[in-house]
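The opening residue of the sequence shown carries number 3 in my numbering; numbering runs sequentially from there.
Every residue gets a Cβ at the ideal spot worked out from N, C-alpha and C, and that includes glycine.
Predicted model only: the values in this text are computed from it and were never measured.
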Amino acid sequence: MGGRVYAGGRVYTGAGRLRQADILVEGGIIRRIAPRIVGEGQERVDCAGLILAPGFIDLHAHLREPGFEEKETIASGTALAKRSGFQTVCAMPNLNPAPDAPETARVELEAIARGARVDTRIYGTITKGRAGRELADIEGLAPLVCGYSDDGSGVQDDALMERAMRAIARTGRYLAAHVEDASLVPKGGSVREGVASQRFGVPGIPPESETRQLLRDLALVEKTGVRYHMCHISAGESVEAIRAAKRRGLPVTCEVTPHQLCLCDEDIIEDSGRFKMNPPLGTRADREALVVGVLDGTIDAIATDHAPHTPAEKGRGLAGSLFGVSGFATAFAASLRYLPLSVVLRAMIDAPARILGMGNVALREGAKAQFQALHTRPWTVEAEGRSTPFEGMTLVGGCEWTIES
């Protein structure tokens with residue numbers, strides 16, 4: 003018997019389950035998973051202390067190409083994603099050109115074919131140019147996209163959003179909503195209204211800007227039956243609204259970012275763009291509600307909202323910097339700060355796979371040998387030119403290595 007045995011690790015087999023086992027790989031296929039695999043002619047890889055798991059699946063990332071390659075390219079962004087343990091990334095459509103029709107979507111898909119280091123899927127826009135005035139080519143985009151989003155801004159027009167939901171429902175895809183009532187966001191709003199806005203003297207964004215539009219959307223979901231996915235939930239009131247919608251049987255899913263799970267507005271220690279993201283960091287009560295939401299399944303997935311900018315764009319303090327932070331490298335470790343390992347793996351692997359309709363991605367006999375080894379060692383976050391609210395913090399956990407058939 004030949005092949006390679008990954009020995010002595012804990013194997014994630016899906017649905018929050020971990021077991022001590024070896025994995026035998028031959029010809030790029032997982033041939034056997036068993037407590038101890040011994041045979042002649044086998045190469046052995048010591049995995050003691052490691053967790054062997056499928057790659058993470060990110061429902062929400064900004065890869066910046068085409069149009070904003072000075073921030074990041076598909077090649078550099080997906081290379082970072084791969085080093086961080088991700089095997090699938092879904093790219094948001096705030097690009098130039100925005101993928102609002104088949105011809106513009108193909109510009110992005112061609113760039114992905116040239117440069118992507120991981121499985122990369124795309125969202126089409128909900129509205130033309132993400133301008134919020136008329137619908138994108140919803141039907142024409144359907145074969146090319148995983149879903150539809152105007153991420154970066156909410157769709158403000160109620161009637162237009164209802165039309166969008168009806169059109170998207172006919173495609174079988176899902177709508178990934180950036181939920182933000184612009185009428186409630188003050189000019190120059192940079193952080194959550196409260197502790198940080200008072201400390202640094204910048205306009206604060208009220209949580210109602212998220213929750214009010216979410217309630218509108220949920221009422222429209224009830225009318226249209228569209229599969230609805232809420233992006234980057236941040237407010238405790240929103241968690242309650244999603245929980246109630248699920249109890250009513252609405253086809254609703256939800257994601258949260260690692261930084262919202264791990265940090266709150268009290269953690270904004272300086273007037274720095276590395277703490278500026280949209281939605282902004284909430285209160286401690288919000289953060290605690292988000293953690294409970296993941297634990298009880300109200301919040302399905304953890305997604306990075308990876309959104310890199312140039313150092314100049316993030317170097318103008320809270321008031322002047324652009325929204326967005328780098329998210330791939332710290333996603334797993336930050337999520338572990340308040341959640342158990344099994345829950346984090348479920349939210350970063352199983353749930354996004356289900357939302358995307360990817361089928362069974364668990365490590366199992368007969369499947370392609372595509373997985374990662376995760377460690378649980380402490381490490382200190384270094385910015386390395388990227389904007390991150392975790393800079394200087396000690397986190398636990400990361401990707402040791404990956405293999406792919």
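Residues bridged to residue i (per DSSP)
i	result
CYS256	MET232
GLN22	ARG12
PHE88	PHE58
GLY400	HIS377
GLU45	ARG6
VAL327	HIS308
THR382	THR396
GLU28	ILE31
TYR176	GLY149 and ARG229
GLY53	The sequence given here has Ile at residue 53, not Gly. In DSSP, ILE53 forms a bridge with ARG12 and LEU376.
ALA93	ALA63 and ILE124
ALA303	GLU257
ALA335	BP columns for ALA335 are empty, so no partner.
ILE405	PHE373
ALA36	ASP24
CB of residue i within 8 Å of CB of residue j, strictly
i	j	result
ARG276	GLU393	yes
ALA336	PRO260	yes
ILE1	PRO104	Residue coverage of the chain in this structure runs from 3 to 407, which leaves residue 1 outside it and unanswerable.
THR213	ALA63	no
LYS73	PRO313	no
LEU365	TYR14	yes
LEU341	VAL293	yes
LEU347	GLY18	yes
GLY399	PHE334	yes
ALA55	LEU376	yes
LEU111	GLY149	no
ALA247	VAL296	no
ARG135	ASN96	no
VAL258	HIS234	yes
VAL47	ARG12	no
VAL91	VAL120	yes
SER86	PHE330	yes
THR1	ALA138	This structure leaves residue 1 out entirely; the chain is present only between 3 and 407.
GLN262	GLY238	no
Exposure of residue i, with buried meaning 16 or more beta-carbon neighbours within 10 Å
i	result
ALA291	buried
ASP288	buried
LYS84	buried
ARG388	buried
THR173	buried
PRO209	buried
ASP24	buried
LYS189	exposed
GLN22	exposed
GLU386	exposed
GLU182	buried
GLN200	exposed
ASP152	buried
ALA171	buried
Distance between residue j and residue i (C-alpha atoms, nearest Å)
i	j	result
ILE53	ALA371	15 Å
HIS308	GLY117	18 Å
LEU343	ALA179	28 Å
CYS256	GLY57	20 Å
LYS2	GLY29	This structure does not reach residue 2, given that the chain is present from 3 up to 407, and the question cannot be answered.
ALA115	LEU397	34 Å
ASP159	LEU216	13 Å
ILE271	THR122	35 Å
THR300	VAL241	7 Å
ALA113	ALA198	40 Å
VAL383	MET395	6 Å
MET163	ARG356	25 Å
ARG165	MET94	21 Å
GLY322	SER274	9 Å
PRO205	VAL187	9 Å
PRO380	THR404	19 Å
SER185	THR75	33 Å
ARG34	ILE304	30 Å
VAL40	ASN362	28 Å
VAL27	GLY203	58 Å
PRO391	LYS316	12 Å
LEU82	GLU71	15 Å
GLU367	LEU222	43 Å
PRO282	MET167	26 Å
LEU324	MET279	8 Å
Within the region 95-158, note down every full beta strand (DSSP E) run reaching 3 residues or more, in order along the chain.
Correct list: 121-126.
Any beta strand (DSSP E) of 3 or more consecutive residues that is wholly inside the region 192-250
Listed in chain order, the complete beta strand (DSSP E) runs (minimum 3 residues) inside the region 192-250 are 229-232.
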